[in-house]
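In this note's numbering, the protein residues as written are 52 to 411.
Accompanying notes for the structure given below.
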């Protein structure tokens, strides 16, 4: 089997192609951007970012690409524009796609305006995999115990070949990014194949944020979109109250199982660090200080208290809101599914025909 170390060889040469030209530091005279595709990768702190895009789109009367029900746009199938109404039906272009969908660049590009920015976020595969397995209760499905990984527990063939409801499994980020990634962990897959996928994704995305550098990612996002600081304020949503501590052996096993995702993460982590340097470390620190002040302001204004609620049998942090007549407070403290239903109803009133009332 591939060793993790060997699979990270040549990342220096891969990284030499990092294209930072599209991420120039913007001045104060820039024009806000609002045509966005955000690929919401599972368990990558993506719900907080989605909240930002939903809040901005709602307050600026933007048109969302929305499913008829729930919060999945065709996933686990690749996105197809046929699953949503043609924009000519309701006389307005789509502006924001931010619900769970698997990247299909050609179809999304055909649906969205020409100046659409493609955005996403990645997370280190070890905490991602732990979070995904425990959040969705996948140990039984995969016939493996995380606490025994790397020791007595053997990884079943089901873990290699299957996805939970077709959606969740190994190399989750690459899968969400449109690549049939279940087979990528097999020893027959060459490192060059994975590198080609990563290079292609680098050409597609205008910004790849990193969960472990959330503050810096948000500042780069604000800079790219030419938004105000309050536009990128977010609270930590869907975060579990307890996380499983993994042994060193288990972590290494997870890296080995998800080595293509690890390559993806290392590449875009390196790229983000270069973007932070380009932005200016002192300027970044000042921006982060301002961001934290605004987050604290809105937390104090909008949150009455924190509490725990149960999701898939997990205890997750939630917020009991106050001042809910204020749009920002309502959006910051309301769960994703409730918000999605809220904007779906509002959009159908404002732009009749922009959302299917039943699945096509």
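Yeah, the Cβ is synthetic: ideal placement off N, Cα and C, and Gly gets one too.
Please work out which residues of its chain come closer than 6 angstroms, Cβ to Cβ, to residue i, disregarding the five sequence neighbours upstream and downstream, and give them in chain order.
i	result
residue 133	none
residue 218	127
residue 273	283
residue 89	104, 149, 170
residue 382	106
residue 154	90, 228, 229
residue 70	Note that residue 70 has pLDDT 46, beneath the 50 cutoff, so the model's placement of it is unreliable and the number below is only indicative. Here the set comprises nothing.
residue 94	179, 182, 183
Looking at the secondary structure, which residues open and close the alpha helix (DSSP H) in which residue i lies?
i	result
residue 230	Unbroken run through residue 230: none, as it is neither H nor E.
residue 183	176-186
residue 260	It is not in any alpha helix (DSSP H) - residue 260 instead sits in the beta strand (DSSP E) that spans 258-261.
residue 142	Counting along the chain, residue 142 falls outside any alpha helix (DSSP H), and DSSP gives it neither H nor E.
residue 99	97-110
residue 274	265-276
residue 134	Neither: residue 134 is in no alpha helix (DSSP H) and is coded neither H nor E.
Just checking my contact of residue i with residue j at CB under 8 angstroms: how many whole Å lie between their CB atoms?
i	j	result
residue 379	residue 106	7 angstroms
residue 306	residue 177	6 angstroms
residue 392	residue 327	Between residue 327 and residue 392 the Cβ distance is about 37 angstroms, and since that is not below 8 angstroms, they are no contact.
Beta strand (DSSP E) containing residue i: first to last residue?
i	result
residue 170	168-173
residue 388	First-last for residue 388: 387-401, but that is the alpha helix (DSSP H), not the beta strand (DSSP E).
residue 255	Not the beta strand (DSSP E): residue 255 falls in the alpha helix (DSSP H), residues 242-255.
residue 88	87-90
residue 116	Segment: none, residue 116 is in no beta strand (DSSP E) and carries neither H nor E.
Considering only their Cβ atoms, is the gap separating residue j from residue i smaller than 8 angstroms?
i	j	result
residue 221	residue 248	no
residue 223	residue 179	yes
residue 141	residue 369	no
residue 138	residue 265	no
residue 102	residue 367	no
residue 275	residue 253	no
residue 151	residue 316	no
residue 146	residue 121	no
residue 92	residue 172	yes
residue 215	residue 189	yes
residue 116	residue 402	no
residue 185	residue 341	no
Which residue wins for smallest C-alpha separation from residue i, given the options the options?
i	options	result
residue 354	339, 341, 141, 375	375
residue 411	119, 390, 89	119
residue 99	341, 339, 260, 331	260
residue 112	398, 407, 409	398
residue 299	197, 145, 386	197
residue 143	335, 262, 163	163
residue 245	305, 297, 310	310
residue 168	193, 316, 312, 87	87
residue 280	305, 335, 303	335
residue 181	400, 200, 157	200
residue 412	191, 214, 129, 263	The structure shown has nothing for residue 412, since the chain only spans 52 to 411.
residue 314	350, 341, 158, 235	235
residue 304	210, 342, 324	210
residue 351	333, 341, 373, 340	373
residue 242	123, 312, 387	312
residue 166	194, 255, 191, 319	255
Quick one: residues in its chain with C-beta nearer than 8 angstroms to the C-beta of residue i, no 5 flanking neighbours on either side, listed in chain order?
i	result
residue 346	284, 285, 286
residue 371	354, 355, 356, 357, 358, 384
residue 277	77, 81, 82, 83, 84
residue 136	404, 405, 406, 407
residue 75	The predicted position of residue 75 is uncertain, since its pLDDT is 41 and thus under 50; no value can be drawn from it.
residue 131	125, 155, 158
residue 72	Bear in mind that a pLDDT of 40 at residue 72, under 50, signals an unreliable position, so the number given afterwards is only what the model happens to contain. Correct list: empty, nothing qualifies.
Whose C-beta lies closer than 7 angstroms to the C-beta of residue i among residues of the same chain, with five residues either side of it excluded?
i	result
residue 338	270
Quick check: is any heavy atom of the ligand MG less than 7 angstroms from the C-beta of residue i?
i	result
residue 229	In the structure shown, the ligand MG is absent, as is every other ligand, since no ligand is present at all.
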